[in-house]
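Written below as structure tokens is the structure these notes are about.
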Amino acid sequence: AQKVTQAQTEISVVEKEDVTLDCVYETRDTTYYLFWYKQPPSGELVFLIRRNSFDEQNEISGRYSWNFQKSTSSFNFTITASQVVDSAVYFCALSGGTNAGKSTFGDGTTLTVKP
Amino acid sequence: DVKVTQSSRYLVKRTGEKVFLECVQDMDHENMFWYRQDPGLGLRLIYFSYDVKMKEKGDIPEGYSVSREKKERFSLILESASTNQTSMYLCASSLPSGRGTDTQYFGPGTRLTVL
């Protein structure tokens, strides 16, 4: 069975601080996808990034960066110079292999960025 | 842009009522999902549909049923609403695994209160 653990339930930072959201996953499949979604206060989950299990290259998009390490089964998300608009619930998810078509979500991390 | 819409943002119903939550997507996706989101419990899959008239139970199907008569529309039905079904309900859609990457696109959510 697949499992995603987001150990940080809530994180609070002050604007301009860097913050890392942790995600640890479990799967026996060799082919899978990892995702991060953002859920702002409005409620709609928004897709941020997808990585497949064969691509461990880290990715940077503006202030966002993702670190995928198969050796530690982790897919961490870092926001550099956080802003108030980054305040949201962030979900890490896993799909593929025996769970193809469906995703297993972590419980989410609530990030609050204070001005 | 993928667009997933849900019939209501907020809904208040009484115990015992039959409740219909509607979801429509405009990207010709085969897969559609209904999730329930509760504080501290993340996203829990209620039902999954991989084609018209096809459905599969998720993790918490008890007390719910679904209908998929057309590809673009996926309905969640609460046959007899109870107070423990008060929650945020999220609909999502995606391409099938063979043609996509399991990325899910979410609607804005329906916050249901059962009195």
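These protein sequence lines are chains A and B, in that order.
Per our numbering: the first sequence = residues 122 to 236.
Per our numbering: the second sequence = residues -5 to 109.
C-beta: ideal position from N, C-alpha, C; glycine also.
Treat the numbers as computed from the prediction; the structure is a model and nothing was measured.
With a cut-off of 8 Å on the beta carbons, I'd call residue i and residue j a contact; round off their distance for me.
i                : j                : result
TYR153 (chain A) : THR95 (chain B)  : Rounded, the Cβ-Cβ distance is 11 Å, inconsistent with contact.
SER59 (chain B)  : GLU50 (chain B)  : Rounded, the Cβ-Cβ distance is 13 Å, inconsistent with contact.
GLY103 (chain B) : GLN0 (chain B)   : 7 Å
TYR99 (chain B)  : PHE168 (chain A) : 7 Å
SER76 (chain B)  : LEU15 (chain B)  : Not quite, the Cβ-Cβ distance comes to about 15 Å (not below 8 Å), so this is no contact.
ASN25 (chain B)  : SER81 (chain B)  : Not really, about 22 Å apart at Cβ, beyond 8 Å.
PHE196 (chain A) : TYR158 (chain A) : Contact doesn't hold; Cβ gap of about 12 Å is too wide.
According to DSSP, simplified to helix, strand and coil, what is residue i?
i                : result
GLN0 (chain B)   : strand
LYS7 (chain B)   : strand
LYS12 (chain B)  : coil
SER195 (chain A) : strand
THR107 (chain B) : strand
THR77 (chain B)  : helix
Which residues does DSSP pair with residue i in a beta bridge?
i                : result
SER181 (chain A) : The residue you asked about is not Ser; residue 181 (chain A) is Ile in the sequence shown. BP columns for ILE181 (chain A) point to A:SER186.
ASP45 (chain B)  : B:MET48
GLY36 (chain B)  : B:ASP32
SER216 (chain A) : A:TYR154 and A:SER224
GLU86 (chain B)  : Glu is not the amino acid found at residue 86 (chain B); the sequence shown has Ala there. BP columns for ALA86 (chain B) point to B:PHE27 and B:PHE100.
Residue i touches chain A at which residues, Cβ-Cβ below 9 Å?
i               : result
ASN25 (chain B) : GLY222 and LYS223
PHE68 (chain B) : None at all; the shortest Cβ gap to chain A is about 14 Å.
Counting only Cβ pairs nearer than 7 Å, list the residues of chain A close to residue i.
i               : result
ASP22 (chain B) : The premise fails here: ASP22 (chain B) is roughly 16 Å from chain A at the closest Cβ pair, so nothing lies under 7 Å.
LEU39 (chain B) : LYS223
Using a Cβ cut-off of 9 Å, pull out every chain D residue sitting near residue i, in sequence order please.
i               : result
GLY36 (chain B) : Here chain D cannot be found, since the structure's protein chains are A and B.
Using a C-beta to C-beta distance shorter than 9 Å, which residues of chain B count as neighbours of residue i?
i                : result
ARG171 (chain A) : THR95, ASP96 and THR97
Of all the residues that make up the region 217 to 229 of chain A, which are near chain B by a beta-carbon distance shorter than 7 Å?
GLY217, ALA221, GLY222, LYS223, SER224, PHE226, GLY227, ASP228 and GLY229
In chain order, what residues of the region 44 to 57 of chain B put their CB closer than 9 Å to some CB of chain A?
TYR44, GLU50 and GLY52
Taking a Cβ distance cut-off of 8 Å, strictly less, list which residues of the region 85 to 107 of chain B are near chain A, in chain order.
ALA86, SER88, PRO90, SER91, THR95, ASP96, THR97, GLN98, TYR99, PHE100, GLY101, PRO102, GLY103 and ARG105
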